[in-house]
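Comments concern the structure below.
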Amino acid sequence: MLGFRKKSQTDISAQEAAASREADEAAAAQRRGTPEKKGVPTPKRRHQEAARRRPLVHNNRKAARASQRKAMQEQRAKMRQAMETGEERYLPARDRGPQKRWVRDYVDARHGIGEWLLILVLVFLFASFLLTDETRALTSYLLFILMIAVFTELFWVGRKVRRGLEAKFGVGNVEKGSRFYAAMRALQMRRLRLPKPMVNRGEFPS
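Residues 1 to 206 in the UniProt record's numbering are what the sequence shown lists, from first letter to last.
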């Protein structure tokens, strides 16, 4: 009887100690911000790190988009400035490279009819509404001659550009589209050309 009572008191003390330990562990877990869950395995470290990273990525998407927009705006601003100054690093791909620079300098150094084509066409069209039938026919004839002269000039410019590039960079090293690039620039008014001309009239590249 005495032994039974002693054993019961020992069991009760062990149960109280176990309950006290569980209470202490639960309180410690609550202080750490991780509630105690029985029967759930402790998550691995990589899972915990992934769980911590996911909210950060989600919360930073808006900031990332804003940063990307700012970077694009800065890039466009640098490109606009390069169009004015001719800085090679920030020019668009179509205007970049020593051959494109040579073509621009050659076209900008010459006088041409093509750069006045648009203005002359508008003048002829406007004048055709004010002139008589006979004079209008003469205007159409002059406009036709102007178009032939411009196309002849563009062909000549393309030929000179190809020869100049071959002489400077070697035969077979001329970039494709250089003649078309020169023709399109020759059709633009000098003050409207982009990138801006870097040479004066008559300063042909070597």
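Backbone N, C-alpha and C fix where the C-beta goes; we use that ideal spot for every residue, glycine too. Just so you know, these numbers come straight off a predicted model, no measurement behind them.
Using CA coordinates, which residue listed in the options is at the minimum distance from residue i?
i, options, result
"VAL150", "ALA186, LYS176 and ARG163", "ALA186"
"residue 292", "THR152, LEU125, GLU203 and ALA63", "Because the chain in this structure spans residues 1 to 206, residue 292 falls outside the shown range and cannot be described."
"TRP156", "ARG179, THR139 and LEU120", "ARG179"
"LEU154", "GLU84, LEU117, GLY86 and ALA66", "LEU117"
"LEU120", "GLY97, MET147, ASP95 and ARG110", "MET147"
Looking at the structure shown, is residue i part of a helix, part of a strand, or coil, going by DSSP?
i, result
"VAL199", "coil"
"GLY114", "helix"
"GLY164", "helix"
"GLU175", "coil"
"LEU130", "coil"
"MET189", "coil"
"GLU84", "helix"
"GLY170", "coil"
"PHE124", "helix"
"PHE144", "helix"
"ARG96", "coil"
"SER206", "coil"
"LEU91", "coil"
"LEU194", "coil"
Below 6 Å CB to CB, which residues in the same chain sit around residue i once its five sequence neighbours on both sides are set aside?
i, result
"ASP105", "VAL199 and PRO205"
For residue i, collect the residues of the same chain with a Cβ closer than 7 Å to its Cβ; drop the 5 residues on either side in sequence, then sort them by chain order.
i, result
"PHE169", "GLN99"
"residue 266", "Here the chain has residues from 1 to 206 only, and residue 266 is not among them."
In chain order, what residues of the same chain have a beta carbon less than 8 Å from the beta carbon of residue i, not counting five sequence neighbours either side?
i, result
"ALA82", "GLU88, ARG89, TYR90, LEU91 and PRO195"
"ARG190", "ASP108, GLU115 and PRO197"
"PHE188", "Note on identity: in this sequence residue 188 is Gln, with Phe being the wrong assignment. Taken in chain order, the residues that qualify are GLU115."
query = Can at least three beta-carbon pairs, one atom from the segment 156-167 and one from the segment 175-184, be found at a separation below 8 Å?
reply = As far as the Cβ criterion goes, the segment 156-167 touches the segment 175-184, which means the pair count is three or higher.
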